[in-house]
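Chemist:
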Amino acid sequence: MTGQLNLDNKTVYAARFGYSVVDVGPALFQITAGYQPESKATVKATLGGAPSGIPAELKQSHWSVGAMFNFKAVVAVGAGLEYRAEKLDLEGERTTYNRPWIRANIGYAIPSPLVKPFFGLEVAFPLTSTSNKFDSMENVLKSMAPKNQIGIYAGIRF
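Sequential numbering of the sequence shown, starting at 11, is according to this note's numbering.
In structure tokens, the structure reads:
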């Protein structure tokens, strides 16, 4: 029989700050720092396809640092890497999952003289992942960590 852990999808809020190191013509290179406060997801276990146990609650948050390159045209496109320290907590069992993520975005900045409001869409994927390893509680937690992220963002560039 095979066991499986299923998590419900969640919408979460996060903040990311960027500082432009190079901003010449269409090229923008920035360093970034981000934080996602704690979110909660329901974990349901199955064994051989049948429900097993009582649903549990996974708490997850992260902080990140990274770098991003954007090509500013009518529509800006960009790619970057970030290091995330993800805190995972399942009913008192805790671990931190440190791993690199790759990000890509597409967005638009509204032209204005002083500040430039912008908005866009971002996708991100971890470069490492743990799947269905039940040899330790740490690996169980890591197997429940996010496998992708799709985000809508908005902000103001000074």
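Where a beta carbon is used, it is the ideal one built from N, C-alpha and C, also for glycine.
Could you check if Gly-58 is buried or exposed, using at least 16 other CB atoms within 10 Å of its CB as the buried criterion?
Modeler: Gly-58 is exposed by the Cβ-count criterion.
Chemist: Whole angstroms are fine: how far does the CA of Leu-91 sit from the CA of Pro-156?
Modeler: Their backbone Cα atoms lie some 16 Å apart in a straight line.
Chemist: Let me confirm a value: Asn-80 is counted as buried when at least 16 other C-beta atoms fall within 10 Å, else exposed. Which label applies?
Modeler: Buried: at least 16 other Cβ atoms inside 10 Å.
Chemist: Roughly how many angstroms separate the alpha carbons of Ala-43 and Pro-65, rounded to a whole number?
Modeler: For Ala-43 and Pro-65, the distance between alpha carbons rounds to 34 Å.
Chemist: Quick check on the burial criterion: 16 or more other C-beta atoms within 10 angstroms. Buried or exposed for Glu-96?
Modeler: Answer is buried; the Cβ neighbour count reaches 16.
Chemist: Is the stretch 66-74 in contact with the stretch 45-52, if contact means three or more CB pairs nearer than 8 Å?
Modeler: With the cut-off at 8 Å, the stretch 66-74 and the stretch 45-52 touch.
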